[in-house]
Amino acid sequence: MDVFSTYIEMSQNMRNYSETRHYNKTESNATVIIASRPPGHYSVSAANLVELDDGRALIGRIDQLSNLDKDQLKQLYKQQLRDGAHGSGGAGLGLIEMARRASEPMEASLEERQEGRAIFSLRVTI
Amino acid sequence: MPAMENSPDLTIEATQSSPSVIADWQRGVITMRGESYPENSFSLYEQILDWLDQYLDMSDAPLSLDLELNYLNTSSVRAMIELFDRLESAAATGRSVAVCWRYDTRNPRAAELGEELKEDYAFPSRSWPMNHEHAASRRPIRSTGTGDRGEPGGWKSQCNEAARSAEASVAAHGGSGGTAGEHYSPFR
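Sequences listed follow chains A and B, in order. So the mapping is simple: the working numbering equals the position in the first sequence, first residue as 1, plus 138. So the mapping is simple: the working numbering equals the position in the second sequence, first residue as 1, plus 1293.
Printed below as a string of structure tokens:
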């Protein structure tokens, strides 16, 4: 269930993002990979094209989340549930959800490309 | 969707990523069953919110939410919060409202979500574990002892009523697992 929910949040986050940025089909390309990581763990990974500034903000956000314990994440989740504007992409909430399901800190990286863009990669281990 | 004058009920078929919804005006029960992770949860929940607003506005009768949702994505949870907020406001004005949160005992995340939602609200809500045989056939677990159904009009009897109505509604709308006429109580 946690793998499934992480997969859903990740793929919907990416789709929402590329729609917000009006990316074309090629630019919106993304794949989510689920792999088993013995003993008893799974990783859910994905990469997608982002604007460099957005990517840097995301990395910062993920670093912040990785410093929080499960109780703090729960409080933040509840706060974000109420604060987030309805209908907005709300990647914030999805990221918190993933952080809550993760068994180790989320791993994110940014690979710069041309024209102020980058490939953002995220791996969540469940 | 039929106009309000023709049928005050709201019926939405389940899809792979969205639950079945039956809002029964006569009984004052909104039943949702399945999983909720649509791309656009707002368009789904907007219909339910609209129905709820009309019901709360045009009627004085009690309202129950009978929920059996195995999984909600974050945007569905956000929409669910809006439903619960409406109930909370109605309860604050003396309206009788209740939520029954049913979950399969093999699904700890569903139990946990129910608990987390409950923490933020004052209106009555009841977690209702089901063992998986019953959950699989979408029927609530049966009580072995004599149940406490609460005082007439209290939320417990309302919740119980919601459950019975849900079964009847699902049966009437062609769903599975109808137990019309059968008596049970979830309350120990």
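Using N, Cα and C, we set each Cβ at its ideal position, and we do this for glycine too.
Chain-ordered, the chain A residues with CB closer than 7 Å to the CB of B/Tyr1330 read Ile146. Under the three-state reduction of DSSP output, B/Ser1368 falls in the helix class. Within the same chain, Ala184 and Ala185 come within 8 Å of A/Thr169 by CB-CB distance, once the 5 residues on both sides are set aside. Our two residues, B/Val1392 and B/Ser1420, have alpha carbons roughly 9 Å apart in a direct line.
Taking 9 Å as the upper bound on Cβ-Cβ separation, chain A lies near residues Glu1409, Glu1412 and Asp1413 of the region 1406-1418 of chain B. C-alpha of A/Arg153 to C-alpha of B/Gly1387: approximately 43 Å in a straight line. For B/Ser1313, the uninterrupted beta strand (DSSP E) segment begins and ends at Ser1313 to Asp1317.
Apart from the 5 residues on each side of it in sequence, B/Leu1337 sits with its Cβ closer than 6 Å to the Cβ of Ser1311 and Pro1331 in its chain, given in chain order. If you compare the alpha carbons of A/Ser241, A/Ala240 and A/Asp192 with that of A/Ser247, the shortest gap goes to A/Asp192. A contact is defined here as three or more CB-CB pairs under 8 Å, and the region 187-206 of chain A meets this definition with respect to the region 255-262 of chain A.
Separation of A/Glu249 and B/Asn1400 (C-alpha to C-alpha, rounded to the nearest whole angstrom) is 38 Å. In the three-state scheme derived from DSSP, where H, G and I count as helix and E and B as strand, B/Ala1385 is classed as helix. The beta carbon of A/Gly198 lies closer than 6 Å to none in the same chain, with the five residues before and after it left out. Taking a cut-off of 8 Å for Cβ pairs, the region 1349-1364 of chain B and the region 1320-1328 of chain B touch, as three or more such pairs fall below it.
Near chain A, meaning a CB-to-CB distance below 7 Å, the residues of the region 1368-1379 of chain B are Ser1368, Val1370, Arg1371 and Ile1374. A residue is called buried once 16 or more other Cβ atoms fall within 10 Å of its Cβ, and B/Ala1403 is buried on that count.
In the DSSP assignment, B/Thr1308 forms a beta bridge with B/Ser1311. When the beta-carbon positions are compared, A/Met236 and A/Arg261 stay at least 8 Å from each other.
Residue-level contact check: A/Lys163 does not touch chain B, since none of the beta carbons of chain B fall below 8 Å from its beta carbon. Between the region 1370-1390 of chain B and the region 1340-1356 of chain B, the count of C-beta pairs closer than 8 Å reaches three or more; the two stretches touch. Chain-order list of chain A residues neighbouring B/Arg1402: Met139, Asp140 and Ser143, by C-beta distance under 8 Å. By the Cβ-count criterion, A/Pro177 is exposed, with fewer than 16 other Cβ atoms from all chains shown falling within 10 Å of its own Cβ. For A/Thr164, the secondary structure class from DSSP, reduced to helix, strand or coil, is coil. Closest in alpha carbon position to B/Leu1345, among B/Asp1302, B/Thr1398 and B/Ala1415, is B/Asp1302. Bridge partners of B/Trp1344 according to DSSP: none are assigned. Pairing B/Ile1374 with A/Leu219 gives a Cβ-Cβ distance under 8 Å. When the alpha-carbon of B/Glu1306 is set against those of B/Ser1418, B/Asp1413 and B/Glu1328, the nearest one is in B/Glu1328.
Closer than 8 Å to the CB of A/Glu249 there is not a single CB belonging to chain B. The beta-carbon separation of A/Arg238 and A/Lys208, rounded to 7 Å, stays under the 8 Å limit for a contact. Bounds of any beta strand (DSSP E) do not take in A/Gly193; it lies within the alpha helix (DSSP H) bounded by Leu190 to Ser204. Between A/Gln150 and B/Asn1363, the C-beta gap is not smaller than 8 Å, which leaves the two residues out of contact. Taken atom to atom, the span from the alpha-carbon of A/Gln202 to that of A/Thr263 is near 17 Å. In the DSSP assignment, A/Arg220 falls within the alpha helix (DSSP H) that extends over Lys208 to Asp221.
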